[in-house]
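Asker: Structure below; questions to follow.
Number of protein chains: 2
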Amino acid sequence: MILLDGKKISDEIKSEIKVSVEKLIRKKERPPHLAAILVGDDGASLTYIASKIRSCDQVGFKSSLFRYNSDISENDLIKKIEDLNINREIDGFIVQLPLPKHINEQKVLLSIDPRKDVDGFHPTNFGKMALGLKSFIPATPYGIMKLIEKYDIETEGKSCLVVGRSNIVGRPMSILMSLRGRYGNSTVTLAHSKSKNLAELTKKADIIIMALGIPEFLKYDMIKKDSTIIDVGITRVEDKSKRRGYVIKGDVDFDSVSKKAKFLTPVPGGVGPMTIAMLLQNTLDARL
Amino acid sequence: MILLDGKKISDEIKSEIKVSVEKLIRKKERPPHLAAILVGDDGASLTYIASKIRSCDQVGFKSSLFRYNSDISENDLIKKIEDLNINREIDGFIVQLPLPKHINEQKVLLSIDPRKDVDGFHPTNFGKMALGLKSFIPATPYGIMKLIEKYDIETEGKSCLVVGRSNIVGRPMSILMSLRGRYGNSTVTLAHSKSKNLAELTKKADIIIMALGIPEFLKYDMIKKDSTIIDVGITRVEDKSKRRGYVIKGDVDFDSVSKKAKFLTPVPGGVGPMTIAMLLQNTLDARL
Chain A
2 MILLDGKKIS DEIKSEIKVS VEKLIRKKER PPHLAAILVG DDGASLTYIA
52 SKIRSCDQVG FKSSLFRYNS DISENDLIKK IEDLNINREI DGFIVQLPLP
102 KHINEQKVLL SIDPRKDVDG FHPTNFGKMA LGLKSFIPAT PYGIMKLIEK
152 YDIETEGKSC LVVGRSNIVG RPMSILMSLR GRYGNSTVTL AHSKSKNLAE
202 LTKKADIIIM ALGIPEFLKY DMIKKDSTII DVGITRVEDK SKRRGYVIKG
252 DVDFDSVSKK AKFLTPVPGG VGPMTIAMLL QNTLDARL
Chain B
2 MILLDGKKIS DEIKSEIKVS VEKLIRKKER PPHLAAILVG DDGASLTYIA
52 SKIRSCDQVG FKSSLFRYNS DISENDLIKK IEDLNINREI DGFIVQLPLP
102 KHINEQKVLL SIDPRKDVDG FHPTNFGKMA LGLKSFIPAT PYGIMKLIEK
152 YDIETEGKSC LVVGRSNIVG RPMSILMSLR GRYGNSTVTL AHSKSKNLAE
202 LTKKADIIIM ALGIPEFLKY DMIKKDSTII DVGITRVEDK SKRRGYVIKG
252 DVDFDSVSKK AKFLTPVPGG VGPMTIAMLL QNTLDARL
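Here the protein sequences line up with chains A and B, keeping their order.
When we follow my numbering, the leftmost residue of the first sequence carries the number 2, and every step to the right adds one.
When we follow my numbering, the leftmost residue of the second sequence carries the number 2, and every step to the right adds one.
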């Protein structure tokens, strides 16, 4: 079994990004600048944002965090976004999701200038991706494609099962794996909450991308020998033996699946670190 | 076997559209206005356009055809499109494809105002569709979804195989069938030119959408009993016994498949007439 080492690959990508930033600085140009909007004080959101800001520091990006109270109106939030859209010192920005319930998430995402939409959630970017055009690809699917590329995993004509149809992981993954290209051309099946006989589907797949959110769902007897298994799951499972009171579990039963799969991502250290690296990559691309 | 009668259903839809137009007229408002841009004099394109204009007449729409020589520059064509974008008398317009080779099709499509893009080919509309938002849906996939709805075909949890990954039929179909909704929620597999063992995939599918372009490819022994078969193929096959010298064949061997399928579209008279009806529907929606 070959471990798809997202930690290592993401470090390599970040090093390459850092070199690009240093080139800009030598040319007396300003470094890329990523901004983040955070509404409210959700704990998980704060953790994600802190991690993104830390990564910006690592590669020499400038970063800005704009925080608003959870009672900000939809209109006011959209005005803030419009300010960022026209701010020439900011190359890309993200709106940390989820937003409070009184705010229409789609309306907010639509107000982002697609040229600064480094999360790739705007319909124009999503549509370009689906049509096979150049665009900002959402960071998690982009990171998975990068892992597949770096480990040179054969995808053409392979059966690929994507489990989960979210707009940020499953749906874009299903599209990317079936596009024409060196690391596409798979025969993709997209399974979701209404799918039946999931275990029959997993058993037949050469490549499985799990974005289901059920800890350790995928087990030894549900997969094909020598398959590629990508685990996007990150669920907090209570564990009183740990100081923080929980452990992070993926959708894959790592211990058993690792005895049968050919390629497998660990959790943590697989898809997670790739996601942040690709957000940085999108921001660099927005700058250049 | 139940025939999915696209001719009949499209006539019903056109009648409903006509009623909506008459309401507008009674309110002293102008009828919907569809414009088409045709570059060059490709025979098939002329036939399609003529048929679209005739359908506009049937339902009381105004229509305009803008024809340009095949040597028009890309820039000049885009200028014509920009004129239509701001023309307040035109609700929607289409650019008949294919365009001459010296013109970048994607660049041209990107210049269309998404609010007038009744073909639904602009990335913004395509992305909205993929994200489950309201948008103009490309006419052929929209017509197929309408057939499924009108015949109340069960789709939830069913396995659906889409054969062909074009941006105008296969790709959007694969997305629409797997979206949440009364006539979505299928477990969709998208097969294409790089897929292997196509006959194994077709045999397992509850619903097959064929957009392959190989006449009479799908035969009796390749399908499951009581499946739903939608045939998007329209290939001209030479037939000297016919006055025009050819017959139109679908991707499905109708005679044999009709003995085993539960629902089946004929060719012609299935998906084809639905496509034009849904283009009219999109134009009406653009007017309202």
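All C-beta atoms in this analysis are idealised placements derived from N, C-alpha and C, irrespective of residue type, glycine included.
#1: Just to confirm, are M130/A and G144/A a CB contact at a threshold of 8 Å?
#2: Would you list, in chain order, the members of the segment 151 to 176 of chain A that have their beta-carbon closer than 7 Å to a beta-carbon of chain B?
#3: Can you tell me where the beta strand (DSSP E) with A192/B in it begins and where it stops?
#4: Do you know offhand how far E106/B's Cα is from L100/B's?
#5: In terms of alpha-carbon separation, which member of G41/B, D118/B, D72/B lies closest to L35/B?
#6: List the residues of chain B that S112/A touches, going by C-beta distances under 8 Å, in chain order.
#7: Roughly how far, in whole angstroms, is the beta-carbon of R237/B from the beta-carbon of I249/B, given that I think they are within contact range, below 8 Å?
#8: Using 10 angstroms around the beta-carbon of T125/A, count the other beta-carbons present and answer buried if the total reaches 16, otherwise exposed.
#9: Within 10 angstroms of its Cβ, does G185/B collect 16 or more other Cβ (buried), or is it exposed?
#10: Run through DSSP, which three-state label would K250/B get?
#11: Whole angstroms is fine: what's the gap from V20/A's alpha carbon to V272/A's?
#12: When you compare each of G133/A, G7/A, K15/A to S175/A by their alpha carbons, which one comes out closest?
#13: Which full runs of the beta strand (DSSP E) of 3+ residues lie inside the segment 94 to 173 of chain A, going along the chain?
#14: Determine, using beta carbons only, whether L281/A and I50/A come nearer to each other than 8 Å.
#15: So, is E13/A buried or exposed, given that buried needs 16 or more other C-beta atoms within 10 angstroms?
#16: Using a Cβ cut-off of 8 Å (strictly closer), state whether S228/A contacts chain B.
#17: How long is the line joining the alpha carbons of L199/B and E201/A, rounded to whole angstroms?
#18: Quick check on the burial criterion: 16 or more other C-beta atoms within 10 angstroms. Buried or exposed for D42/B?
#19: Please give the ranges of any alpha helix (DSSP H) in the segment 54 to 89 of chain B, keeping only runs that are unbroken, at least 4 residues long and fully inside the region.
#20: How close, in whole Å, do the beta carbons of L148/B and L285/B come, if the pair is a contact with beta carbons under 8 Å?
#21: Need the endpoints of the alpha helix (DSSP H) that A200/A sits in, please.
#22: Consult DSSP for M211/A and reduce its assignment to one of helix, strand or coil.
#23: When you compare the CB positions of V170/A and P142/A, do they come within less than 8 Å of one another, or not?
#24: T125/A versus chain B: which residues are under 7 Å apart at the beta carbon?
#25: Output yes or no for whether 8 Å exceeds the beta carbon distance between K261/A and I3/A.
#26: Let me check one thing: in DSSP terms, what residues is N287/A bridge-paired to?
#27: Let me know if T48/A comes out buried or exposed under the rule of 16 or more other beta-carbons within 10 Å of its beta-carbon.
#28: State the DSSP-derived secondary structure class of L280/B, mapped to helix, strand or coil.
#29: Is there a C-beta anywhere in chain B that falls below 8 Å from the one on S46/A?
#30: How close, in whole Å, do the beta carbons of V22/A and G61/A come, if the pair is a contact with beta carbons under 8 Å?
#31: Using alpha carbons as the reference points, say which of P269/A, T188/A, L213/A lies closest to S196/A.
#32: Consult DSSP for V233/A and reduce its assignment to one of helix, strand or coil.
#33: Grouping DSSP H, G and I as helix and E and B as strand, with all else coil, what is F255/B?
#34: Interface residues of chain B around N186/A at Cβ under 8 Å?
#35: Check the C-beta distance from G334/B over to T188/B and give it rounded, since I have them as a contact under 8 Å.
#36: Against V189/B, what residues of chain A qualify as contacts under a CB-to-CB distance less than 8 Å, listed in chain order?
Answerer: Short version:
#1: no
#2: E157, G158, R166, N168, R172
#3: 188 to 192
#4: 7 Å
#5: D118/B
#6: Result: empty, since nearest Cβ-Cβ is about 13 Å, beyond 8 Å.
#7: 6 Å
#8: buried
#9: buried
#10: strand
#11: 23 Å
#12: G133/A
#13: 160 to 164
#14: no
#15: exposed
#16: no
#17: 18 Å
#18: exposed
#19: 75 to 87
#20: About 19 Å separates the two Cβ atoms, so there is no contact after all.
#21: 199 to 205
#22: strand
#23: yes
#24: P124, T125, G128
#25: no
#26: Per the sequence presented here, residue 287/A reads as Ala, with Asn not at that position. Answer is none; A287/A lacks a bridge partner.
#27: exposed
#28: helix
#29: no
#30: 4 Å
#31: L213/A
#32: coil
#33: helix
#34: H193, K195
#35: For residue 334/B there is no data in the structure shown, the boundaries of chain B being 2 and 289.
#36: T190, L191
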